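**Q** This is the structure, below, for whatever I ask next.
Numbering (the numbering used here), first residue to last: 15 to 452.
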């Protein structure tokens with residue numbers, strides 16, 4: 015009987031995991047609910063066009079936009095945004111909802127359970143949604159906590175943005191993404207199944223993540239700023255390991271995105287057929303050629319670079335010496351990197367690495383992108399149609415149009431003139447439900 019119970023339990027868990035993997039990032043669109051009329055003064059419905067429409071009414075039934083009408087019409091359930099500027103819900107392609115950098119971050123890894131991280135993640139998810147981000151990609155967190163949070167948001171049990179989740183990063187033993195800087199016996203407890211060495215073991219790690227429920231595979235192709243080891247920021251996987259990761263992930267229907275700072279790691283990953291680069295600090299001319307040849311995306315995470323440089327150079331620096339040295343080396347270089355990539359024609363998707371910086375501050379990335387040479391419209395495109403294309407969710411996010419889920423936000427001013435308006439979101443609707451209305 016005990017053996018039978020274990021088999022039944024395993025079957026239930028397997029079925030649950032399969033359902034989580036196969037479910038779309040958004041809840042299915044339903045028209046079997048009450049109709050709302052959202053009256054809009056200025057509307058950037060399709061950021062690809064850059065065209066601002068005036069005096070429109072969005073007709074929303076259930077969680078779906080069904081019509082965009084001329085003028086202010088409707089009765090009953092009417093939302094008055096006639097004095098506001100409305101645009102699609104924003105997309106952040108790189109967050110870590112289960113954590114946030116602080117003086118206690120290293121201790122938190124020892125004292126917080128996966129359940130604790132899920133609860134903290136729920137708080138951060140609400141902040142992120144209230145900041146206007148209706149979709150995020152969570153790239154690196156404990157499998158149990160982030161997949162549970164993703165599914166809870168999808169069911170409506172927790173308030174938050176739609177979550178595309180990678181779970182644990184596929185990393186090399188001793189490298190960025192593995193546990194570093196603790197006692198030897200603790201290191202073995204903190205290390206994940208997704209850590210690997212050798213091409214065959216890295217195939218196993220990818221398959222393990224897919225089995226656990228990963229929507230996307232995130233790897234750490236180079237060293238990282240916040241790993242507590244003086245191992246630099248260059249390539250850490252071998253070329254054979256990178257090729258095996260990309261091959262098996264693609265065979266199993268998953269994109270692969272790589273944390274990468276050093277040019278050697280960036281270029282090796284792109285040569286292996288990788289889909290996108292997170293950070294990209296030291297990308298070079300060959301990198302830009304490979305980006306364009308592969309159709310790969312860059313997620314610059316300028317806010318993370320700005321944040322770590324400010325902490326490491328400030329009077330209240332809580333980073334370790336190894337972290338501080340890398341923060342001061344890499345952080346100040348990221349703005350110039352994004353400028354070079356933009357001039358070189360690399361496709362840029364919006365991402366902040368929030369969890370390094372504070373959750374809810376995500377929109378501060380827009381001003382940094384503009385400092386790197388993007389126009390306000392291009393910065394908005396990176397967080398709407400660009401990020402949607404990058405994450406392969408263009409049918410679900412990035413535009414306001416009939417047949418699309420009703421994800422939209424509003425600000426008082428014109429973000430095409432002053433992109434920092436997006437730091438002052440006053441209205442948030444996700445899936446036809448209003449979550450913020452100041």
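From the three backbone atoms N, C-alpha and C, an ideal C-beta is built for every residue, glycine too. All figures in this text were calculated on a predicted structure; none of them were measured in a lab.
Under 8 Å between the Cβ atoms of residue 51 and residue 106?
**A** Cβ atoms of residue 51 and residue 106: not closer than 8 Å.
**Q** Who are residue 292's beta bridge partners in DSSP?
**A** Paired residue(s): 273 and 313.
**Q** Taking 8 Å as the threshold, find out whether the stretch 350–359 comes into contact with the stretch 72–89 through three or more Cβ pairs.
**A** Judged by Cβ distances under 8 Å, the stretch 350–359 makes no contact with the stretch 72–89, as fewer than three pairs qualify.
**Q** Distance check for residue 400 and residue 361, CA to CA, integer angstroms please.
**A** Residue 361 and residue 400: Cα-Cα distance of roughly 8 Å.
**Q** Taking the alpha-carbon of residue 212 as reference, which of 232, 187 and 72 has the nearest alpha-carbon?
**A** Among 232, 187 and 72, the Cα nearest to that of residue 212 is on 187.
**Q** Pull up the distance between the alpha-carbon of residue 264 and that of residue 221, whole angstroms please.
**A** About 11 Å.
**Q** To the nearest angstrom, how far is the alpha carbon of residue 98 from that of residue 47?
**A** So the two alpha carbons sit approximately 26 Å from each other.
**Q** Could you check the C-alpha separation between residue 158 and residue 126 for me, to the nearest Å?
**A** Spanning the two alpha carbons is a distance of roughly 13 Å.
**Q** Which residue marks the beginning of the beta strand (DSSP E) containing residue 390, and which one marks its end?
**A** Note, residue 390: premise wrong, no beta strand (DSSP E); alpha helix (DSSP H) at 390–396.
**Q** Pull the bridge partners of residue 110 from the DSSP assignment, please.
**A** Partner(s): none; residue 110 has no beta bridge.
**Q** Considering just the uninterrupted stretch of the alpha helix (DSSP H) at residue 232, what are its terminal residues?
**A** Where residue 232 is concerned, there is no enclosing alpha helix (DSSP H), although the beta strand (DSSP E) it sits in stretches over 231–234.
**Q** Whole angstroms is fine: what's the gap from residue 214's alpha carbon to residue 369's?
**A** Their backbone Cα atoms lie some 32 Å apart in a straight line.
**Q** Kindly indicate which three-state DSSP category residue 280 falls into: helix, strand or coil?
**A** Reduced to three states, the DSSP call for residue 280 is helix.
**Q** Under 8 Å between the Cβ atoms of residue 434 and residue 372?
**A** No, Cβ-Cβ distance for residue 434 and residue 372 is not below 8 Å.
**Q** In terms of residue numbering, what span does the alpha helix (DSSP H) encompassing residue 347 cover?
**A** Premise fails: residue 347 is in no alpha helix (DSSP H) and is neither H nor E.
**Q** Mind pulling the beta strand (DSSP E) runs of 3 or more residues that sit fully within the stretch 47–110?
**A** List check, beta strand (DSSP E) in window: 49–57, 67–75, 78–84, 92–102 and 104–109.
**Q** Please state whether the Cβ-Cβ distance between residue 407 and residue 101 is less than 8 Å.
**A** No, they are not a contact pair.
**Q** Rounded C-beta distance between residue 355 and residue 302? I'm assuming under 8 Å.
**A** Yes, they are in contact, since the Cβ atoms of residue 355 and residue 302 sit about 7 Å apart, within 8 Å.
**Q** Reducing DSSP to helix, strand and coil, say where residue 133 ends up.
**A** In this structure, residue 133 counts as helix in the three-state DSSP scheme.
**Q** What are the start and end residues of each continuous beta strand (DSSP E) run of 3 or more residues lying completely inside the stretch 324–379, in chain order?
**A** The qualifying runs do not exist here; there are none.
**Q** Starting from residue 250, trace the beta strand (DSSP E) in both directions and tell me its first and last residue.
**A** Unbroken run through residue 250: none, as it is neither H nor E.
**Q** When DSSP labels each residue in this structure, what does residue 38 get in the three-state scheme?
**A** Reliability fails at residue 38, whose pLDDT of 43 lies under 50, so the model's placement of it is uncertain and the value that follows must be treated cautiously. Of the three classes helix, strand and coil, the one that applies to residue 38 here is coil, per DSSP.
**Q** To the nearest angstrom, how far is the alpha carbon of residue 419 from that of residue 358?
**A** Each residue's alpha carbon lies about 34 Å from the other.
**Q** Between the stretch 285–298 and the stretch 270–277, can you find at least three pairs of beta-carbon atoms closer than 8 Å?
**A** They touch, by the three-pair rule.
**Q** Helix, strand or coil: which one does DSSP assign to residue 301?
**A** Helix.
**Q** Quick check on this structure: which residue in 120, 137, 304 and 297 has the alpha carbon closest to the alpha carbon of residue 286?
**A** Of the candidates 120, 137, 304 and 297, the one whose C-alpha sits nearest the C-alpha of residue 286 is 304.
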